Amino acid sequence: MSTLRQRFLTARYNIFPDHVFGEILAKRWADNAIPFLTLLFVGVGLLFILPGFYTGYNLTEYGRQYAELGLIVLGMTIVMMGGGLDLSVGSIFAIANLVALYCVHVLSLDPILTLLITMGAGAACGAVNGFFIGIIGMRAFLTTLVTLIIYRSIVDLLLLEYALDISSVFPDSELWEYIGDGDTYGIPFVLVATAIVFIVGHLLISRMKPGWHLTAVGGSRRSAYNAGIKVKQTIFFSYVTCGILCSAAGFMYAARMASTGAETGKGLELTILTAAVLGGVSLGGGRGSVPKAIFGSLIVLLLLNGLLQFGIQGGAIQLIFGIILLLTILIDVRWVKNRFRLLNKVYVSPTYFKLPAPASIEAKSDSAYAVNDKLKDVSVIGLGKVEGPEDVILDDDDNLYAGSRHGDIVRFYGKNHEKMEVFAHVGGHPLGLAWDKDYNLVACIPDMGVISISQDRKVSKITDETNRSLTSVIDDRRLSLADDLDIAPDGRIFFSEATIRYRLKDWPMDCVESRGNGRIICYDPKTNKTKTIIRNLKFANGVCVTKDCQSILFAETFGMKVSRYWFEGPKKGTTEVIMDNIPGYPDNINRASDGNYWLALVGMRGPALDLALTLPDFRKRMSRRINTSNWLFPNINTGCVIKITEHGEVLESLWDLKARNHPMVTSMKEHKGHLYLGGIQNNRIGKYKIPDANKNWSGFQDYWGGK
Amino acid sequence: MGFKIIGVANKVLNFVKDRIDYFFGRGKHSIFVPVMDGALKPNEFLDNVKVIHKEEDIDNLVINRSKILFSGKSSLFSMTSMKKPKKIKSFSGYITAMALNSAGSKIAVALADEKVVILNSKTLKEVFTFKEKCVTSMCFQQDTLVYTTGSKNFSATQWQHDLLSNGSSGTVSANQLDGSVSKVILTELAWPTGLTFTGDSTFCISESWEHRITFHQLDNDFSVATKIDKEINKLPAYPGKSFFNTKNQELLVCFFAPRNQLVEFILTEEEYKSRMMAEIDPSLWVSPTYRSGKHIREPLQQSGIKTMGYLKPWAPAFSYGLVVRFDKDLIPLASYHSRTNGNFHGTTSVVVDEQQNILVTSRGDGKLGGWK
Chain A
3 MSTLRQRFLT
13 ARYNIFPDHV
23 FGEILAKRWA
33 DNAIPFLTLL
43 FVGVGLLFIL
53 PGFYTGYNLT
63 EYGRQYAELG
73 LIVLGMTIVM
83 MGGGLDLSVG
93 SIFAIANLVA
103 LYCVHVLSLD
113 PILTLLITMG
123 AGAACGAVNG
133 FFIGIIGMRA
143 FLTTLVTLII
153 YRSIVDLLLL
163 EYALDISSVF
173 PDSELWEYIG
183 DGDTYGIPFV
193 LVATAIVFIV
203 GHLLISRMKP
213 GWHLTAVGGS
223 RRSAYNAGIK
233 VKQTIFFSYV
243 TCGILCSAAG
253 FMYAARMAST
263 GAETGKGLEL
273 TILTAAVLGG
283 VSLGGGRGSV
293 PKAIFGSLIV
303 LLLLNGLLQF
313 GIQGGAIQLI
323 FGIILLLTIL
333 IDVRWVKNRF
343 RLLNKVYVSP
353 TYFKLPAPAS
363 IEAKSDSAYA
373 VNDKLKDVSV
383 IGLGKVEGPE
393 DVILDDDDNL
403 YAGSRHGDIV
413 RFYGKNHEKM
423 EVFAHVGGHP
433 LGLAWDKDYN
443 LVACIPDMGV
453 ISISQDRKVS
463 KITDETNRSL
473 TSVIDDRRLS
483 LADDLDIAPD
493 GRIFFSEATI
503 RYRLKDWPMD
513 CVESRGNGRI
523 ICYDPKTNKT
533 KTIIRNLKFA
543 NGVCVTKDCQ
553 SILFAETFGM
563 KVSRYWFEGP
573 KKGTTEVIMD
583 NIPGYPDNIN
593 RASDGNYWLA
603 LVGMRGPALD
613 LALTLPDFRK
623 RMSRRINTSN
633 WLFPNINTGC
643 VIKITEHGEV
653 LESLWDLKAR
663 NHPMVTSMKE
673 HKGHLYLGGI
683 QNNRIGKYKI
693 PDANKNWSGF
703 QDYWGGK
Chain B
25 MGFKIIGVAN
35 KVLNFVKDRI
45 DYFFGRGKHS
55 IFVPVMDGAL
65 KPNEFLDNVK
75 VIHKEEDIDN
85 LVINRSKILF
95 SGKSSLFSMT
105 SMKKPKKIKS
115 FSGYITAMAL
125 NSAGSKIAVA
135 LADEKVVILN
145 SKTLKEVFTF
155 KEKCVTSMCF
165 QQDTLVYTTG
175 SKNFSATQWQ
185 HDLLSNGSSG
195 TVSANQLDGS
205 VSKVILTELA
215 WPTGLTFTGD
225 STFCISESWE
235 HRITFHQLDN
245 DFSVATKIDK
255 EINKLPAYPG
265 KSFFNTKNQE
275 LLVCFFAPRN
285 QLVEFILTEE
295 EYKSRMMAEI
305 DPSLWVSPTY
315 RSGKHIREPL
325 QQSGIKTMGY
335 LKPWAPAFSY
345 GLVVRFDKDL
355 IPLASYHSRT
365 NGNFHGTTSV
375 VVDEQQNILV
385 TSRGDGKLGG
395 WK
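Quick look at the structure:
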């Protein structure tokens with residue numbers, strides 16, 4: 003292949019940020035993109051079509067309208083997030099208007115008291131809806147359609163009685179007038195009030211319990227119920243909140259217009275529903291936010307006034323809004339249905355990665371990797387009892403510890419480790435394990451970070467976040483796949499995060515991508531700070547502090563290399579590749595008793611995948627076209643253990659070729675003349691007797707000396 | 025002129041449609057693999073059958089009354105009913121196909137070194153030889169040998185090459201065994217094999233890369249065959265050699281390898297495919313095979329990862345064992361499987377003996393299995 007072609011592939015797939023598209027799509031706020039663009043389109047469009055549209059007086063007027071509209075849309079949003087619908091918003095609005103006018107004009111009450119009474123009326127109306135829909139379990143559509151008519155009739159009846167009384171009095175209240183058309187620093191007072199409601203609402207919905215409960219109920223009623231959320235109450239209160247917000251809007255309207263017209267709030271439900279759906283609030287429930295309500299209501303406000311200024315009549319506006327609503331719902335339905343399909347298709351973004359052919363592993367060759375059957379007589383510990391012991395570790399009393407995919411750290415004890423107990427329940431699948439100098443067991447746990455378990459089995463968090471990098475779309479502050487760790491004499495914990503783009507169960511997918519999403523991170527107990535040291539590693543995996551205690555060795559599984567990083571001494575801060583183009587996928591690294599290091603190869607490279615790594619477009623199509631279970635993957639069914647020097651020279655390899663006893667090796671720890679083998683997809687731990695090994699050597703002694 | 029414009033427009037439209045199909049993976053770019061369902065519902069039957077004999081690269085079971093012959097690499101074996109077989113002759117090349125005539129007096133053996141040898145079945149002496157490349161199956165019809173050749177470009181052992189080259193250069197031919205040249209009856213077939221006569225002049229062939237079994241009517245002087253309206257297609261595996269059981273009028277078909285979505289995808293990926301074929305050893309290709317998982321550097325698919333020491337039987341596979349029984353109208357009646365984690369892969373040939381025992385060779389695992 004020509005170098006020009008290589009350069010093109012590198013530019014297209016390694017430099018061009020392909021992965022960002024999928025990452026943005028994976029964000030929750032990606033939902034807001036379409037409403038936001040629509041708003042921009044409408045807003046800028048009006049600027050050009052109607053030159054006088056954004057002049058001073060108009061803006062104030064829009065602000066006042068928006069204050070009312072926004073509140074009602076927020077109410078509707080809350081109801082829709084809970085999986086409901088409120089068609090009676092217009093009627094509640096009209097009732098509130100009437101109540102407020104009656105209180106101020108006829109009873110001459112204080113505006114504050116009036117507001118409370120009005121909101122009380124709105125709450126009562128909402129409570130009726132909430133009672134029938136939430137508590138009794140009636141259909142939202144029919145119930146609110148009926149209450150829409152009932153509330154409207156009440157308004158009509160009351161208007162007959164009180165319209166004259168109201169319009170014959172002119173209230174004498176400065177506050178009332180101020181609410182109607184006062185400004186705060188040039189901004190309409192009502193708009194300021196609404197903005198405050200929005201901020202509080204946003205905090206409640208996105209950051210606090212009521213909002214989370216509401217989203218959960220709307221997303222899946224049954225799951226929410228099973229999770230212990232009070233579904234009926236949540237729905238009930240969503241309608242009450244909506245009623246209160248509508249009545250607050252009605253109160254503002256009353257102060258602004260003092261109108262007793264029978265048309266008040268008629269047909270409002272269509273406008274409000276259009277606004278909510280345009281903003282991206284899902285009719286199916288579970289999806290909505292304050293920004294969505296803001297976008298939606300802004301679009302509708304601009305459209306409404308734009309159409310009015312064009313001289314389009316009321317009936318036609320309703321027609322246009324109806325059509326817009328229909329189209330938006332159509333888009334919404336397709337989006338909700340296809341978003342994750344689209345995400346699945348675009349998320350994997352492969353890069354160009356070319357390696358020369360690796361060293362031979364054939365049995366007849368004189369390669370240090372030549373296959374053999376040394377591991378065939380491995381004795382097996384905990385067969386069928388432990389699942390997924392990615393790493394193992396032993397204490398000086400010969401107890402054997404391992405992680406399991408059930409979220410436990412298990413301990414084997416007794417003479418041949420025939421007995422097993424759960425040492426501690428940690429809640430995640432523990433990967434790398436290490437002792438600190440106080441005999442605490444420190445573990446890397448995906449989605450949780452680094453935790454410590456004391457000898458009296460207390461589990462405590464060490465760190466779960468690092469510094470945020472500026473250019474990453476994914477929030478890389480959180481540790482997502484902490485993999486292996488080791489501890490320096492001064493207590494600093496060096497650990498690897500394999501990838502920030504994939505979860506543990508999808509870890510081989512990172513190979514299909516080969517982008518370099520991993521990193522090495524350091525936690526310093528002295529400052530209690532966590533800092534990323536090295537980025538863009540192709541699946542950072544095993545970490546081991548070298549014997550001179552000045553550097554770490556770390557493996558990049560899908561980069562097929564091992565590097566050395568100095569954190570002390572003359573070479574401090576530098577990284578050097580010590581092994582490259584390994585014929586397998588390197589995993590954990592640990593010290594051996596003879597001063598060298600054990601390195602696990604979790605699987606062996608195959609030429610078919612190596613070739614695919616040089617064809618990113620091929621892999622991209624593969625990820626788009628075929629089911630994940632059929633993807634070409636790294637062959638991690640057979641691996642081996644090799645012994646290396648700190649300069650990366652391979653001394654020997656240990657294989658279980660038939661993979662009968664120990665199918666996969668992700669980790670190994672030497673202890674008193676034996677090598678203990680772990681494997682992330684295994685249901686056993688292997689024990690191999692190392693010929694001529696130091697029978698007194700143990701990991702803890704080697705790191706920390708005497709107990 | 026007008027026609028020309030329409031013609032050009034048509035071409036452009038077809039090209040655009042082709043590109044759209046390519047993007048969405050539809051039409052001829054579809055990589056859909058039919059599921060095994062109904063009568064083809066997977067079981068583990070073949071893993072548990074009685075193993076009569078073990079022989080590397082066992083293949084080409086043929087039968088005449090109580091006499092059963094099969095091949096192993098370049099050797100010919102003989103066996104009577106379910107008893108221990110013995111080696112009777114060795115050849116210069118791999119045996120790719122075999123046939124016995126109805127009287128049991130002649131054995132036809134096709135060899136990978138491009139020749140077909142006719143033996144006297146008593147003396148095992150060569151009585152006639154003619155040259156032919158890539159013979160995939162043979163059948164005596166009276167004194168004429170009717171046979172299929174898989175490909176013009178590859179030998180019979182290079183079937184993976186032909187598949188990945190989207191080959192369709194196979195033929196059905198007939199040789200009178202009197203020194204005259206073979207007559208070509210059908211051409212441009214996608215790896216035909218499994219030639220079996222189901223009546224005096226009706227025969228079926230498995231068109232492997234088309235995933236179908238078709239029936240043809242042969243005329244009296246072995247020169248023209250007409251396709252008849254009996255066919256089964258969209259098969260989930262590549263059909264191979266077959267056997268027609270005259271007693272109950274059933275057709276038994278061996279499927280030598282499964283279809284795989286990744287392979288179907290790679291068949292549409294010209295660059296990857298051609299570079300793989302040029303640069304990589306065939307045993308490490310992404311391709312169906314008689315037996316996968318032999319070498320640790322072989323490609324693997326995601327579901328093929330062993331979990332808790334266990335390979336999932338439903339994982340997508342590059343090798344499989346499958347024998348299907350069809351009735352005379354090609355309705356599948358029953359199927360016998362060896363799934364991804366099974367031990368009876370690469371089922372290449374099948375016969376039914378006089379006691380109605382079914383015998384099957386597993387070329388991938390080198391086994392001869394049988395059951396009643």
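Chains as they are written, first to last, in the numbering used here: chain A, 3 to 709; chain B, 25 to 396.
Ideal Cβ positions, reconstructed from N, Cα and C, are used throughout, including at glycine.
All of these numbers come straight from a predicted model, not from anything done at the bench.
Best match in A/I495, A/G86, A/L611, A/D589 for proximity to A/S240 [C-alpha to C-alpha] = The residue labelled residue 240 of chain A in the question sits at position 238 within the first sequence. Cα-wise, what sits closest to A/S240 is A/G86.
With 9 angstroms as the limit, tell me which residues of the stretch 313-328 of chain B have their beta carbon closer than that to any beta carbon of chain A; keep them in chain order.
-> Cβ contacts with chain A come from G317, H319, I320, R321, E322, P323, L324, Q325, Q326, S327, G328.
Exposed or buried, A/R521, counting other C-beta atoms within 10 Å across all chains shown (16 or more means buried)?
-> Against the first sequence, residue 521 of chain A aligns to sequence position 519. A residue is called buried when at least 16 other Cβ atoms come within 10 angstroms of its Cβ; A/R521 meets this threshold and is buried.
Drop a sphere of 10 angstroms on the beta-carbon of A/I114, count the other beta-carbons inside from all chains shown, and report buried for 16 or more, exposed for fewer.
-> Here residue 114 of chain A is taken as the residue at index 112 of the first sequence, counted from 1. Exposed.
Give the DSSP-derived three-state secondary structure of A/Y525 in the structure shown.
-> Here residue 525 of chain A refers to the residue found at position 523 of the first sequence. Looking at A/Y525 - three-state DSSP - the assignment turns out to be strand.
Please name the residue in B/S307, B/I290, B/E378 whose C-alpha comes closest to that of A/R621.
-> In the first sequence, counting from the first residue as 1, residue 621 of chain A sits at position 619. Closest option to A/R621, judged by alpha-carbon separation, among B/S307, B/I290, B/E378: B/I290.
So is A/P53 buried or exposed if we call it buried at 16+ other beta carbons inside 10 Å?
-> For the purposes of this step, residue 53 of chain A is identified with residue 51 of the first sequence, where counting begins at 1. A/P53 comes out exposed.
Inter-stretch contact (C-beta, 8 angstroms, three-pair minimum) for the stretch 315-333 of chain A and the stretch 265-281 of chain A | Short answer: they touch.
On the three-state DSSP scale, how would you describe B/E274?
-> The residue given as residue 274 of chain B occupies position 250 in the second sequence. Here B/E274 sits in strand by DSSP.
What are the residues of the stretch 621-638 of chain A that lie near chain C, defined by any Cβ-Cβ distance shorter than 9 angstroms?
-> Protein chains A and B are contained in the structure displayed, whereas chain C is not.
The beta strand (DSSP E) with A/G281 in it runs from where to where?
-> For this step, residue 281 of chain A is matched to residue 279 along the first sequence. Taken as a continuous stretch (DSSP letters only), A/G281 belongs to no beta strand (DSSP E), being part of the alpha helix (DSSP H) at 270-281.
Continuous beta strand (DSSP E) stretch holding A/A69: start and end = Taking the first residue of the first sequence as position 1, residue 69 of chain A is located at position 67. Careful: A/A69 lies outside any beta strand (DSSP E), inside the alpha helix (DSSP H) at 58-83.
What's the gap between the Cα of A/S516 and the Cα of A/F569?
-> For the purposes of this step, residue 516 of chain A is taken as residue 514 along the first sequence, with counting starting at 1. For the purposes of this step, residue 569 of chain A is taken as residue 567 along the first sequence, with counting starting at 1. If you draw a straight line from the Cα of A/S516 to the Cα of A/F569, it comes to about 27 angstroms.
Would you please verify whether the beta carbon of A/R480 is less than 8 angstroms from any beta carbon of chain B?
-> The residue labelled residue 480 of chain A in the question sits at position 478 within the first sequence. No, A/R480 does not count as interfacial toward chain B.
Identify every run of the alpha helix (DSSP H) within the stretch 595-660 of chain A, keeping only runs that are complete inside it and at least 4 residues long; order them along the chain.
-> Listed in chain order, the complete alpha helix (DSSP H) runs (minimum 4 residues) inside the stretch 595-660 of chain A are 609-615, 618-627.
Residues of chain A with a CB under 9 angstroms from the CB of B/L188: which are they?
-> By 1-based counting over the second sequence, the position of residue 188 of chain B is 164. Within chain A, no residue comes near B/L188; the closest Cβ sits about 12 angstroms away, beyond 9 angstroms.
Nearest chain A C-beta to B/E138 closer than 8 angstroms, yes or no?
-> By 1-based counting over the second sequence, the position of residue 138 of chain B is 114. Cβ-Cβ to chain A under 8 angstroms: no for B/E138.
If contact means a Cβ-Cβ distance below 8 angstroms, which residues of the stretch 664-688 of chain A contact chain B?
-> Within the stretch 664-688 of chain A, the qualifying residues are P665, M666, Q683, N684, N685, R686.
What runs of the beta strand (DSSP E), each 3 residues or longer, lie entirely inside the stretch 192-257 of chain B?
-> Here the runs fully enclosed are 194-199, 207-213, 216-221, 226-231, 236-242, 249-256.
Mind listing the chain B neighbours of A/M562? Cutoff is C-beta to C-beta under 9 angstroms, in chain order.
-> Residue 562 of chain A sits at position 560 when you count from the first residue of the first sequence. Residues of chain B passing the Cβ test: none, with the nearest at roughly 13 angstroms.
Report whether the distance from the Cβ of A/F297 to the nearest heavy atom of the ligand GTP is below 7 angstroms.
-> This structure lacks the ligand GTP, and indeed carries no ligand of any kind.
Tell me, which residues are paired with A/W699 by DSSP?
-> Residue 699 of chain A sits at position 697 when you count from the first residue of the first sequence. Per DSSP, none; premise fails for A/W699.
Under a three-way DSSP split, which group does B/M301 fall into?
-> The sequence position of residue 301 of chain B within the second sequence is 277, counting from 1. B/M301 falls in the helix class under three-state DSSP.
Flag this pair as touching only if the stretch 101-116 of chain A and the stretch 133-151 of chain A have three or more C-beta atom pairs under 8 angstroms; answer yes or no.
-> Under the 8 angstroms Cβ criterion, the stretch 101-116 of chain A does not count as touching the stretch 133-151 of chain A, having fewer than three qualifying pairs.
Those runs of the alpha helix (DSSP H) which lie wholly inside the stretch 288-335 of chain B and span at least 4 residues = Runs of the alpha helix (DSSP H) lying entirely within the stretch 288-335 of chain B, each at least 4 residues long, are 294-303 in chain order.
Quick check: the stretch 505-516 of chain A against the stretch 340-347 of chain A, are there 3 or more CB pairs under 8 angstroms?
-> Taking 8 angstroms as the limit for Cβ pairs, the verdict is that the stretch 340-347 of chain A does not touch the stretch 505-516 of chain A.
Does the separation of the CB atoms of B/C163 and B/F221 fall below 8 angstroms?
-> Counted from its first residue, the second sequence places residue 163 of chain B at position 139. Counted from its first residue, the second sequence places residue 221 of chain B at position 197. Against a cut-off of 8 angstroms, the Cβ pair of B/F221 and B/C163 comes out as a contact.
Counting only the same chain and skipping the five closest in sequence on each side, list residues whose C-beta sits under 8 angstroms from that of A/H664.
-> Your numbering for residue 664 of chain A matches position 662 in the first sequence. Same-chain partners within the cutoff: L377, V380, V382, D658, L679, G681, N684, R686, G688.
Please go through the same chain and pick out, in chain order, the residues whose beta-carbon is closer than 6 angstroms to the beta-carbon of B/T104, but skip the five residues on each side of it.
-> Here residue 104 of chain B is taken as the residue at index 80 of the second sequence, counted from 1. Within the same chain, Cβ atoms closer than 6 angstroms to the Cβ of B/T104 are found at S90, the five residues on either side in sequence being excluded.
Pull out every residue of the stretch 291-311 of chain B whose Cβ sits closer than 8 angstroms to any Cβ of chain A, in chain order.
-> If the cut-off is 8 angstroms between Cβ atoms, the stretch 291-311 of chain B has E293, E295, Y296, R299, M300, E303, I304, D305, L308, W309, V310 near chain A.
Buried or exposed (CB count within 10 angstroms, at least 16 for buried), A/E467 = Looking up residue 467 of chain A in the first sequence gives position 465. That one is exposed.
Return the residues of the stretch 599-611 of chain A that lie within a Cβ-Cβ distance of less than 9 angstroms from chain B, sorted by chain order.
-> So the close ones are G605, M606, R607, G608, P609, A610, L611.
So is B/Q166 in contact with chain A if we call contact Cβ pairs under 8 angstroms?
-> Counting from 1 along the second sequence, the entry for residue 166 of chain B is found at position 142. No, no contact with chain A.
B/P340 versus chain A: which residues are under 8 angstroms apart at the beta carbon?
-> Reading the second sequence from its first residue, position 316 is the one you call residue 340 of chain B. What B/P340 touches in chain A, judged by beta-carbon distance under 8 angstroms, is S631, N632, going in chain order.
Round the Cβ separation of A/D440 and A/V428 to the nearest angstrom and send it over; I've been treating them as touching at under 8 angstroms.
-> Taking the first residue of the first sequence as 1, we reach residue 440 of chain A at position 438. Taking the first residue of the first sequence as 1, we reach residue 428 of chain A at position 426. Not confirmed; about 18 angstroms, so no contact.
Could you tell me whether the stretch 576-584 of chain A touches the stretch 618-632 of chain A, where touching means 3 or more Cβ pairs closer than 8 angstroms?
-> By the C-beta criterion, the stretch 576-584 of chain A is judged not to be in contact with the stretch 618-632 of chain A, since fewer than 3 inter-stretch pairs fall below 8 angstroms.
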